Structures are given as C-alpha cells and as structure tokens.
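Every number in the working numbering is 2 more than the matching position in the sequence shown, counting from 1. One structure is given below, encoded as structure tokens.
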Amino acid sequence: LETSIPVYNVDGTLNAGGCITHKCSFVVEYQGHRKRVTAEATQLGKINLILGWTWLFKHNPEINWQTGVVTLS
3 LETSIPVYNV DGTLNAGGCI THKCSFVVEY QGHRKRVTAE ATQLGKINLI LGWTWLFKHN
63 PEINWQTGVV TLS
C-alpha cells in the first residue's frame with residue numbers, strides 16, 4: 003500500500019502488531035464455492051484471519067458460536 007492503515011482493537015487501542023501494510027489476492031475454495039479474495043495484511047498475534055463486517059454481511063454464514071464452526075449455505 004502507498005499509505006499504511008492503522009488497526010484498532012475493540013477497546014480502541016492501536017494494534018500492537020502494527021498497521022495494515024499490504025494487500026494480497028488469493029483463491030478460496032470451500033464447500034464447492036470458489037472465489038478470488040482480496041485481503042489486507044497485518045500482524046494479528048496468534049490469530050490467522052479476521053473476517054470483517056462487510057464479508058460477513060455479504061456471505062451471511064451460519065455460525066455455531068459454541069463449536070466455532072462457520073458454514074456457508
């Protein structure tokens with residue numbers, strides 16, 4: 003990215019891992035669906051991926067909060 007994007011935690015503090023500095027594009031295959039995805043990259047500690055509100059709204063997955071299973075229908 004030409005300009006890095008600050009990342010804020012839910013408590014309003016800046017992400018200790020730093021800003022978003024890159025975008026990456028890749029293909030995701032899941033349950034018979036194939037989609038090219040563009041994502042922003044930053045350090046998230048132990049977390050590999052955070053799905054944002056826009057993605058969740060668009061794809062409307064079923065989420066079992068007790069098991070952590072996300073299902074696309």
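All residues carry an ideal CB built from backbone N, CA and C; glycine is no exception. Remember, predicted model here, so these are calculated numbers, not experimental data.
query: Among all the DSSP beta bridges, which residues are the ones paired with K25?
result: E42
task: Would you identify the three-state DSSP class for T5, choosing helix, strand or coil?
output: coil
task: Return the Cβ separation of T23 and T40 in integer angstroms, given the expectation that the two are a contact with Cβ distance under 8 Å.
output: Not confirmed; about 15 Å, so no contact.
- request: Note down, in chain order, each residue of its chain lying with its Cβ closer than 6 Å to the Cβ of V30, except the 5 sequence neighbours on either side.
  value: K37 and V39
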